[in-house]
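Heads up: the structure comes next, in structure tokens.
In this note's numbering, the protein residues as written are 1080 to 1401.
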């Protein structure tokens, strides 16, 4: 079994948030100052991402220094510029001979509908998230960082959706540590990993319970209509395991099972579901066993995103039904 640990015990990594709670948006920085081997897998049909091509195993750069998860749709990718500025100040980056270039990857979710489409994470917010991460403190969950404006249950547009957020979970087996940071902003419902019950998602018309997105989709199986496109679940797996770029890529592919087990449905054409993996390379590991561990970490982080979210912006949260 996996022993649950604080994610701050993964000492090669630092995690921090910055947010604008008035306008319901924010970003989350995951730093690895010494560099991490990395991979990514994009499953959703509507992604907004930064430097994902660099992570292809055949490409030159082997390690990255930061993953930025943000709100703001494609506008929010600007937060990565703030991460580059912060890391440059610390002398961290890929040595190109005349200096060091920080390698910053990222993905953004769509939160423009919640309060204001004119306020998005920017360079300054990305810098602040990195500054907060640098402290090494245990990061918060729920309505913070990239989860500030996250919501779920949007099959009937935004009328019956619920508040979600960012979830964090980490575990250890022997010397191997694995954690996941996931901001959940899905079209579908969040499903409890252990019980299979709905934790958050599409509400009934009177907002008194859960309508069950999958059931509602089946009822409209022959009724094609435009779905709300402002969705996306984005996350990052971090580990002290020794994995190369190929293995990080495979870990990202398999860890998407954690989305599929706890978001119903996942990977829709109107979701931009994206998952990064960062490995600091300190501990030998059996890759396939690690992939299973990573998948569970992601699933439990998704559940935390729902359970830690607080009601906000006129939306109910899972806490209202517990």
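Every residue, glycine too, gets a C-beta built ideally from N, C-alpha and C.
- Taking C-beta to C-beta, are residue 1219 and residue 1096 nearer than 8 Å? Stepping through the chain shown from its first residue, residue 1219 is reached at position 140. Stepping through the chain shown from its first residue, residue 1096 is reached at position 17. A contact, by the Cβ cut-off of 8 Å.
- Looking only at DSSP bridge pairs, what is residue 1082 linked to? Numbered from its first residue, the chain shown carries residue 1082 at position 3. In the DSSP output, where bridge partners are listed per residue, residue 1082 has 1251.
- Message: Please report the straight-line C-alpha distance between residue 1347 and residue 1153, rounded to a whole angstrom.
- Response: Translated into the one-based positions of the chain shown, residue 1347 becomes position 268. Translated into the one-based positions of the chain shown, residue 1153 becomes position 74. Cα to Cα, the separation comes out at about 18 Å.
- Message: Assuming the contact rule is C-beta atoms closer than 8 Å, residue 1387 and residue 1221 should be a hit. Round their C-beta distance to whole Å, please.
- Response: For the purposes of this step, residue 1387 is taken as residue 308 along the chain shown, with counting starting at 1. For the purposes of this step, residue 1221 is taken as residue 142 along the chain shown, with counting starting at 1. With a Cβ gap of about 4 Å, residue 1387 and residue 1221 count as contacting.
- Message: In the DSSP assignment, the alpha helix (DSSP H) including residue 1210 goes from what residue to what residue?
- Response: For the purposes of this step, residue 1210 is taken as the residue at position 131 of the chain shown. It spans 1202 to 1213 - the alpha helix (DSSP H) in which residue 1210 sits, taken as one unbroken run.
- Message: Restricting to runs no shorter than 3 residues, where is the beta strand (DSSP E) found entirely within the stretch 1211 to 1292?
- Response: If one requires a minimum length of 3 residues, the beta strand (DSSP E) runs lying completely within the stretch 1211 to 1292 are 1245 to 1252, 1255 to 1262, 1268 to 1270 and 1277 to 1279, in chain order.
- Item | Where residue 1394 falls: helix, strand or coil (DSSP) | Here residue 1394 is taken as the residue at index 315 of the chain shown, counted from 1. Correct three-state label for residue 1394: strand.
- Query: Quick one: complete beta strand (DSSP E) runs, 3+ long, within the stretch 1115 to 1161?
  - Reply: 1142 to 1149, all fully within the stretch 1115 to 1161.
- Message: Per the DSSP calculation, residue 1113 is bridged to which residue(s)?
- Response: For the purposes of this step, residue 1113 is taken as residue 34 along the chain shown, with counting starting at 1. Secondary-structure assignment with DSSP links residue 1113 through no beta bridge to anything.
- Task: Run the CB neighbour count on residue 1286, radius 10 Å, all protein chains shown included, and call it buried at 16 or more, exposed below.
- Result: Walking along the chain shown from the start, residue 1286 turns up at place 207. It counts as exposed.
- First and last residue of the beta strand (DSSP E) that includes residue 1186? By 1-based counting over the chain shown, the position of residue 1186 is 107. Residue range 1183 to 1187 is occupied by the beta strand (DSSP E) that includes residue 1186.
- Query: Who are the near neighbours of residue 1337 in its chain, counting only those whose CB is closer than 6 Å to its CB and skipping five residues on each side?
  - Reply: As a position in the chain shown, residue 1337 is number 258, starting the count at 1. Same-chain partners within the cutoff: 1374, 1377 and 1378.
- Item | From 1168, 1214 and 1196, residue whose alpha carbon lies closest to that of residue 1090 | Working through the chain shown from its first residue, we reach residue 1090 at position 11. Ranking 1168, 1214 and 1196 by Cα distance to residue 1090 puts 1214 first.
- Query: Quick check: the stretch 1321 to 1334 against the stretch 1291 to 1300, are there 3 or more CB pairs under 8 Å?
  - Reply: Because the criterion of three Cβ pairs below 8 Å is not met, the stretch 1321 to 1334 and the stretch 1291 to 1300 do not touch.
- Query: Where does residue 1200 land, buried or exposed, given buried means 16+ other C-beta within 10 angstroms?
  - Reply: By 1-based counting over the chain shown, the position of residue 1200 is 121. The residue in question, residue 1200, is buried, as its Cβ has 16 or more Cβ neighbours within 10 Å.
- Query: Where do the ends of the beta strand (DSSP E) carrying residue 1374 lie?
  - Reply: Counted from its first residue, the chain shown places residue 1374 at position 295. Premise fails: residue 1374 lies in the alpha helix (DSSP H), 1366 to 1386, not in any beta strand (DSSP E).
- Can you tell me which of the three DSSP states residue 1190 falls into? Taking the first residue of the chain shown as 1, we reach residue 1190 at position 111. Correct three-state label for residue 1190: coil.
- Return the first residue and the last residue of the alpha helix (DSSP H) that residue 1319 is part of. Position 240 of the chain shown, counting from 1, holds the residue named residue 1319. The continuous stretches of alpha helix (DSSP H) do not include residue 1319, which lies in the beta strand (DSSP E) extending over residues 1313 to 1320.
- Message: Between which residues of its own chain and residue 1255 is the CB-CB distance below 8 Å, once the five residues before and five after are set aside?
- Response: Taking the chain shown and counting its residues from 1, one reaches residue 1255 at position 176. Correct list, in chain order: 1318, 1319, 1320, 1362, 1364, 1369 and 1372.
- Message: Under DSSP, the beta strand (DSSP E) around residue 1358 begins and ends at which residues?
- Response: The count along the chain shown starts at 1 and reaches residue 1358 at position 279. In the DSSP annotation of this structure, the continuous segment of the beta strand (DSSP E) that includes residue 1358 starts and ends at 1353 to 1362.
- Message: For residue 1190, count the other beta carbons within 10 Å of its own beta carbon; 16 or more makes it buried, fewer makes it exposed. Which is it?
- Response: Taking the first residue of the chain shown as 1, we reach residue 1190 at position 111. So residue 1190 counts as buried.
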